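S.K.: My numbering puts the first residue of the sequence shown at 25, with every later residue one more than the last.
All C-beta atoms, glycine included, are put in the ideal place defined by N, C-alpha and C.
Just so you know, these numbers come straight off a predicted model, no measurement behind them.
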Amino acid sequence: NHCWRLWHDPVITWDGLVAPCCFDKDAQHRLGDLKEKSFKEIWNNGAYSSFRKKIIKGRKNIDICANCSEGTKVWTHE
């Protein structure tokens, strides 16, 4: 559970919605709207904070994390 994307890699959709990462390409987990607030306000808002806390607790129950290999051991050298 070593996801860094919520701290380094937000996604902004063509219409200004801010999503947690590229695995949420349809912005189902919308964290803000740039037409309504600045990026700084969105980055520090309650929705972003809450989603980050969910990631820290564990990603297994977050749908967009199901197919993500971020922070997992994909390659092993034996």
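1) From Cys45 to Trp31, what distance separates their C-alpha atoms?
2) Beta carbon of Phe47, beta carbon of Ile88: below 8 Å?
3) Need the endpoints of the beta strand (DSSP E) that Leu41 sits in, please.
4) Would you identify the three-state DSSP class for Gly70, choosing helix, strand or coil?
5) Compute the beta-carbon to beta-carbon distance between Val105 and Leu58, rounded to the nearest angstrom, for a pair I have assumed lies under 8 Å.
6) What number of angstroms, rounded off, separates the C-alpha of Tyr72 from the C-alpha of Lys64?
M.R.: Judging by the given coordinates:
1) Position 21 of the sequence shown, counted from the start, is the residue given in the question as residue 45. Position 7 of the sequence shown, counted from the start, is the residue given in the question as residue 31. Straight across, the Cα-Cα distance linking Cys45 with Trp31 is about 10 Å.
2) On the sequence shown, residue 47 is found 23 positions in, with the first residue counted as 1. On the sequence shown, residue 88 is found 64 positions in, with the first residue counted as 1. In terms of Cβ geometry, Phe47 and Ile88 form a close pair [threshold 8 Å].
3) By 1-based counting over the sequence shown, the position of residue 41 is 17. Counting along the chain, the beta strand (DSSP E) containing Leu41 begins and ends at 41-43.
4) Residue numbering aside, residue 70 sits at position 46 when the sequence shown is read from its first letter. Gly70: helix per DSSP, three-state reduction.
5) Since the displayed the chain opens at 25 and closes at 102, residue 105 lies outside it and no answer follows.
6) Mapped onto the sequence shown, residue 72 falls at position 48. Mapped onto the sequence shown, residue 64 falls at position 40. If you draw a straight line from the Cα of Tyr72 to the Cα of Lys64, it comes to about 11 Å.
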